[in-house]
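**Q**
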Amino acid sequence: MSFITLTTDFGTKDHFVGAVKGAIYTELAEARIVDITHEISPFNITETAYILKNSYKSFPEGTIHIVGVDSELSADNKHIAIELDNHYFVCPDNGIISMIASEIQPTKIVEINIHDRIESSFPVLDVFVKVACFIARGGNLTVIGREIKEYKKLIEIQPKVNQAQTQIIGGVLYIDNYGNVITNISKKMFNDVGKGRAFKINASRYSFDKIYSRYNEITGNNSNNSSQFDGNKLTIFNSAGFLEIAIYKSNLNTVGGACTLLGLAYRDPIIIEFFTESKPEFTPLT
Numbered sequence: 001m002s003f004i005t006l007t008t009d010f011g012t013k014d015h016f017v018g019a020v021k022g023a024i025y026t027e028l029a030e031a032r033i034v035d036i037t038h039e040i041s042p043f044n045i046t047e048t049a050y051i052l053k054n055s056y057k058s059f060p061e062g063t064i065h066i067v068g069v070d071s072e073l074s075a076d077n078k079h080i081a082i083e084l085d086n087h088y089f090v091c092p093d094n095g096i097i098s099m100i101a102s103e104i105q106p107t108k109i110v111e112i113n114i115h116d117r118i119e120s121s122f123p124v125l126d127v128f129v130k131v132a133c134f135i136a137r138g139g140n141l142t143v144i145g146r147e148i149k150e151y152k153k154l155i156e157i158q159p160k161v162n163q164a165q166t167q168i169i170g171g172v173l174y175i176d177n178y179g180n181v182i183t184n185i186s187k188k189m190f191n192d193v194g195k196g197r198a199f200k201i202n203a204s205r206y207s208f209d210k211i212y213s214r215y216n217e218i219t220g221n222n223s224n225n226s227s228q229f230d231g232n233k234l235t236i237f238n239s240a241g242f243l244e245i246a247i248y249k250s251n252l253n254t255v256g257g258a259c260t261l262l263g264l265a266y267r268d269p270i271i272i273e274f275f276t277e278s279k280p281e282f283t284p285l286t
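For the sequence shown, position 126 matches number 126 in the UniProt record's numbering, and the numbering has no gaps at all.
1) Can you tell which of Ile114, Val67, Thr235 and Lys13 has the C-alpha that lies nearest to the C-alpha of Leu95?
2) Could you give the distance in angstroms between the alpha-carbon of Ser121 and the alpha-carbon of Met189?
3) Just to confirm my understanding: we take Thr63, look at its own chain, exclude 5 residues before and 5 after, and list those with CB closer than 8 Å. What are they?
4) To the nearest angstrom, how far is it from the Cα of Ala31 to the Cα of Lys21?
5) Pair every Cβ in the region 243 to 251 with every Cβ in the region 160 to 180, then say whether three or more of these pairs are closer than 8 Å.
6) Just to confirm, is the Cβ distance from residue 287 to Leu28 under 8 Å?
7) Sorted by chain position, which residues of the same chain lie with C-beta nearer than 7 Å to Thr37's C-beta, five sequence neighbours on each side aside?
8) Nearest-angstrom Cα distance between Ser71 and Tyr151?
9) If you run the structure through DSSP and keep just helix, strand and coil, what is Phe242?
10) Sort Ile155, Asp192, Phe237 and Ile148 by Cα distance to residue 305 and report the nearest one.
11) When the cut-off is 8 Å and only beta carbons count, does Phe190 lie next to chain B?
12) At 4 residues or longer, and completely inside the region 93 to 124: list those alpha helix (DSSP H) runs for me, N to C.
13) Tell me the rounded alpha-carbon separation between Cys259 and Asn184.
14) For the beta strand (DSSP E) that Ala23 lies in, which residues bound it at each end?
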């Protein structure tokens, strides 16, 4: 039996998550449900895209991912089901899927058309659950929707490179639980554009000219007395392969995180400048 995951901005105070799980078990008693998160910032599509991209691959092939963020049906916000990378996504067509699909071409996309039989102000409960359980039972996507070729794309997720190949212009994509600032600039793009050149990362009024391989590398040979580095700022390519601006041993309740200490927020610009002189000791990050 396939896993069914849930990613929403519902929070856990209200009844919504419990109701969705109950509806899944009513449709499919043997279902295995996993919560990815219910703490997406309300209606934040790019945050959802980042979390989905970095979580779905950990699940077995055939997993069905229900995504309930900005899911109210409208003429401009259709509901779709997608087969992609041997996984299924049941979600609104609001750009959520574009971060995953920018690298991997979907196998099949359908616009869900069962709404004429179901009138609902809570589509995740009344529509997405039925579609997910239908897929879990082996149903073909074309039964529940009309096949389409296009989906909405989030332009802001993609950083830009200037014509001279001397700048990457990106931005803040996500702020994690530690207050670390994740950008939309990938390690691959950095290496492809930088080609070993010296660089400067500009973030608000701060700049960086070094990217660490791991957080505690900032302590150097002082690992036995690392507390002296608590609160120092650094940049790193995180486990998802994106440039991250962090505070060593950050805690939003004590020393603060990069978002608060550096004054960075969602969508703020992050610019990497590359210079003609290269650093002899620099090798592309792997």
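All residues carry an ideal CB built from backbone N, CA and C; glycine is no exception.
**A** Taking the coordinates as given:
1) By 1-based counting over the sequence shown, the position of residue 95 is 95. For clarity, residue 95 is Gly in the given sequence; the question names Leu instead. Answer by Cα proximity: Val67.
2) Translated into the one-based positions of the sequence shown, residue 121 becomes position 121. Translated into the one-based positions of the sequence shown, residue 189 becomes position 189. Going by the C-alpha atoms only, they are around 41 Å apart.
3) For the purposes of this step, residue 63 is identified with residue 63 of the sequence shown, where counting begins at 1. The beta carbon of Thr63 sits closer than 8 Å to the beta carbons of Ser2, Phe3, Ile4, Thr5, Tyr56, His87 and Tyr88 from its chain, once the five residues preceding and following it are set aside; these are given in chain order.
4) As a first step, residue 31 is located in the sequence shown; it is residue number 31 there, counting from the start. As a first step, residue 21 is located in the sequence shown; it is residue number 21 there, counting from the start. C-alpha separation (whole angstroms): 10 Å.
5) Flag = yes, the region 243 to 251 and the region 160 to 180 touch.
6) This structure cannot settle anything about residue 287, because the visible part of the chain is limited to 1 through 286.
7) By one-based count along the sequence shown, residue 37 stands at place 37. Counting only residues of its own chain and dropping the five nearest sequence neighbours on each side, Thr37 has a CB closer than 7 Å to the CB of Thr7 and Ile51.
8) Here residue 71 corresponds to residue number 71 of the sequence shown, with the count starting at 1. Here residue 151 corresponds to residue number 151 of the sequence shown, with the count starting at 1. Ser71 and Tyr151 have their C-alpha atoms spaced approximately 15 Å apart.
9) In the sequence shown, counting from the first residue as 1, residue 242 sits at position 242. In the structure shown, Phe242 sits in a strand (DSSP, three-state: E or B).
10) Residue 305 lies beyond the residue range present for the chain, which begins at 1 and ends at 286; the question has no answer from this structure.
11) Any reference to chain B falls outside this structure, which holds one protein chain only.
12) DSSP runs (the alpha helix (DSSP H)) wholly in the region 93 to 124: 98 to 101.
13) Here the question's residue 259 lines up with position 259 in the sequence shown. Here the question's residue 184 lines up with position 184 in the sequence shown. Looking at the two C-alpha atoms, the distance is approximately 15 Å.
14) Residue 23 sits at position 23 when you count from the first residue of the sequence shown. DSSP places Ala23 in no beta strand (DSSP E) but in the uninterrupted alpha helix (DSSP H) bounded by Phe16 to Glu27.
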